[in-house]
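Residue numbers (the numbering used here), protein chains in the order written: chain A, 22 to 326; chain B, 569 to 848.
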């Protein structure tokens with residue numbers, strides 16, 4: 022009787038064990054299904070546009086939903102221009118933070134304080150940056166634009182890039198800091214023993230040693246910049262027409278892939294319009310996923326060695 | 569000879585000053601933004617502001633009660649979905665590092681982390697909004713998907729750091745596998761998992777883009793999760809771009825509240841990770 026009861030108990034425990042193990046498998050399979058689902062949904066919903074517009078969608082210069090003409094070129098240019106401008110502005114700062122926190126001052130309260138402050142930059146919601154910049158930065162940019170004799174829109178690619186630059190600094194900086202801290206000290210000590218100054222050690226030992234890792238950090242920042250929506254939507258001015266001179270494109274209003282989706286998705290009133298917007302989303306998805314995966318691959322390869 | 573050493577040393581010192589300058593300049597924009605939001609927002613916040621819905625366009629007064637309740641409901645529902653799924657998936661990844669499923673799931677976690685939030689909004693629109701209409705639930709689902717990677721990774725990383733002897737000791741006493749995980753492993757890694765959860769909440773509470781086509785926004789104070797619902801970031805977006813000064817004031821106040829949420833959640837995470845010495 023007693024034995025039977027114990028058998029029953031251990032049987033039910035075993036049953037629970039199997040259920041639990043299956044549950045774990047199901048949950049991680051869900052993650053897999055989610056990504057596959059996202060991918061398929063984007064493909065299926067943008068299929069009308071892919072079918073009827075083809076590859077020339079990407080190079081079409083005119084975006085005119087009223088006359089059913091869809092070309093993604095203005096948004097490609099807008100996205101690439103804002104992202105790369107932001108990236109170029111941000112690189113010196115993220116490198117400086119990585120070198121300072123990784124090499125000059127890796128421990129102590131000042132280092133902790135700076136590290137936490139930098140992390141906080143990434144924590145502030147992007148809509149707050151956008152809102153602040155719309156009321157504070159835009160008038161300043163307008164003054165600057167008047168001073169250098171371009172049309173003073175205030176909003177536009179340049180303003181969006183400035184804000185974007187600040188927002189993406191933490192990603193490359195955090196990764197760079199931890200990688201620079203991982204540089205083996207015998208390497209640095211060897212260089213010091215040969216009489217190198219600190220600057221020479223950084224230039225000819227630390228930076229070459231961490232080059233691919235720092236590059237991966239930049240890729241992560243770029244991935245963020247490409248997909249960033251709200252701050253850019255508020256600041257970029259939202260025109261789908263493309264200006265004639267580079268100066269007007271750079272300082273004038275534009276649109277990115279993310280901002281055009283945010284602005285027009287809700288008002289897309291016919292099937293092709295909607296599916297053209299989703300195709301933009303698909304392109305964005307592809308590009309950010311590839312950039313992120315390359316970045317992650319480099320980091321894993323790098324930290325394993 | 570001496571002169572060259574002098575030049576090299578000067579160069580080194582100059583470089584160091586330059587690096588320090590650049591590194592600390594970065595904090596300026598953050599400080600400026602924080603101070604500005606606090607200055608503009610703190611004047612708006614009072615009891616009336618927290619308990620009333622926005623006044624009609626062009627009228628003074630009103631508050632953000634609808635967005636406050638909406639944000640808390642939407643984020644709460646996302647957490648209910650994302651936390652169990654994320655922890656269980658994280659346990660699987662840390663327990664079965666070699667399997668095909670864990671390789672591909674891990675890859676998918678990386679992919680999910682990189683998906684732009686606006687794309688998530690589009691996808692959830694087709695999954696839930698198109699068949700069932702705009703709803704707070706659809707917004708929660710979109711945010712839950714954005715929470716998942718952070719919860720999964722922090723669970724996985726924390727559990728990987730635990731010594732294997734813990735699990736071996738429990739198993740050798742004849743404790744069934746699910747009890748080993750739920751009563752030994754997860755409690756030991758609790759602080760790490762908790763800080764991951766708080767961090768993910770801090771991340772999604774300010775997300776606007778996935779809510780644009782899902783929870784939509786509403787001028788009424790509502791707890792009906794099957795209908796459209798306002799949220800703090802969405803309210804800021806709508807009112808920031810409106811032409812009325814009164815609505816800007818509401819948006820400054822809402823920004824202040826949102827910022828406080830984010831700051832507090834981040835500080836709590838910091839305190840937890842510091843107390844238990846976790847590296848996230």
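Think of the CB as a built atom: it goes at the ideal place given N, C-alpha and C, for glycine as much as any other residue.
Which complete alpha helix (DSSP H) runs does the segment 573-642 of chain B hold, if anything under 4 residues is left out? 595-610, 615-619
I'd like the span of the alpha helix (DSSP H) that includes residue 671(B), first residue to last. 668-682
For a test of the three-state rule: what should DSSP assign to residue 90(A), helix, strand or coil? DSSP places residue 90(A) in strand when its eight states are reduced to three.
Count Cβ pairs between the segment 792-811 of chain B and the segment 698-708 of chain B that sit closer than 8 Å; are there 3 or more? yes
Please classify residue 29(A): does DSSP put it in a helix, a strand, or coil? Correct three-state label for residue 29(A): helix.
Is DSSP giving residue 258(A) helix, strand or coil here? strand
Checking the sheet assignment: what are the DSSP bridge partners for residue 275(A)? 258(A)
Just checking: is the beta-carbon of residue 147(A) within a distance shorter than 9 Å of some beta-carbon in chain B? yes
Here's the rule: buried if 16 or more other CB atoms are within 10 angstroms of the residue's CB, otherwise exposed. What is residue 203(A)? exposed
Does the beta-carbon distance from residue 201(A) to residue 250(A) come in below 9 Å? no
Tell me the DSSP bridge mates of residue 85(A)? Assignment of beta-bridge partners to residue 85(A) by DSSP yields 90(A).
For residue 210(A), the first and last residue of its enclosing alpha helix (DSSP H): 206-214
Beta-carbon neighbours of residue 313(A), restricted to chain B and to distances below 8 Å: Correct list: 678, 679, 681, 682.
So the candidates are 184(A), 45(A), 321(A); which of them puts its Cα closest to the Cα of residue 600(B)? Closest option to residue 600(B), Cα to Cα, is 184(A).
Closer than 7 Å, Cβ to Cβ, to anything on chain B: give me those residues from the segment 191-219 of chain A, in chain order. 218, 219
State the Cα-Cα distance for the pair residue 635(B) and residue 620(B), rounded to the nearest angstrom. 10 Å
Can you tell which of 710(B), 834(B), 744(B) has the C-alpha that lies nearest to the C-alpha of residue 765(B)? 834(B)
Counting C-beta neighbours from all protein chains within 10 Å, is the total for residue 678(B) 16 or more, i.e. buried, or is it exposed? buried
Assuming residue 93(A) and residue 256(A) form a contact by the criterion Cβ under 8 Å, report the distance between their Cβ atoms to the nearest whole angstrom. Wrong, their Cβ atoms sit about 21 Å apart, outside the cutoff.
Per-residue contacts from residue 695(B) into chain A (C-beta, under 8 Å): 58, 62
Alpha-carbon spacing of residue 604(B) relative to residue 272(A), whole angstroms: 25 Å
Residues of its chain near residue 241(A), where Cβ-Cβ distance is below 6 Å and the 5 sequence neighbours each way are ignored: 192, 316
Since residue 279(A) meets chain B, which of its residues come closer than 7 Å, beta carbon to beta carbon? Per Cβ cutoff of 7 Å: 684, 686.
is_contact[residue 128(A), chain B] using C-beta, thresh 9 Å: No, its Cβ sits nowhere closer than 9 Å to a Cβ of chain B.
Can you tell me the Cα-Cα spacing of residue 638(B) and residue 647(B), whole angstroms? 14 Å
Under the three-state reduction of DSSP, which class applies to residue 785(B): helix, strand or coil? Residue state, collapsed to three classes: coil.
Of the listed residues 215(A), 162(A), 51(A), 232(A), nearest to residue 652(B) (C-alpha basis): If we check each option's Cα against that of residue 652(B), 51(A) comes out closest.
Short Cβ contact (9 Å threshold) for residue 197(A) with residue 120(A): yes
Cβ-Cβ distance between residue 122(A) and residue 591(B) below 9 Å: yes
At a Cβ threshold of 9 Å, is residue 38(A) touching chain B? yes
Candidates 268(A), 209(A), 221(A), 187(A): closest to residue 104(A) by CA position: 187(A)
Using the beta-carbon count (16 or more within 10 Å), is residue 817(B) buried or exposed? buried
Residue 745(B) CB to nearest chain A CB: under 9 Å? yes
Taking Cβ-Cβ distances shorter than 8 Å, what residues in chain A pair up with residue 787(B)? None at all; the shortest Cβ gap to chain A is about 17 Å.
Roughly how many angstroms lie between the CA atoms of residue 340(A) and residue 73(A), to the nearest whole one? Since the first and last residues shown for chain A are 22 and 326, residue 340(A) lies out of range.
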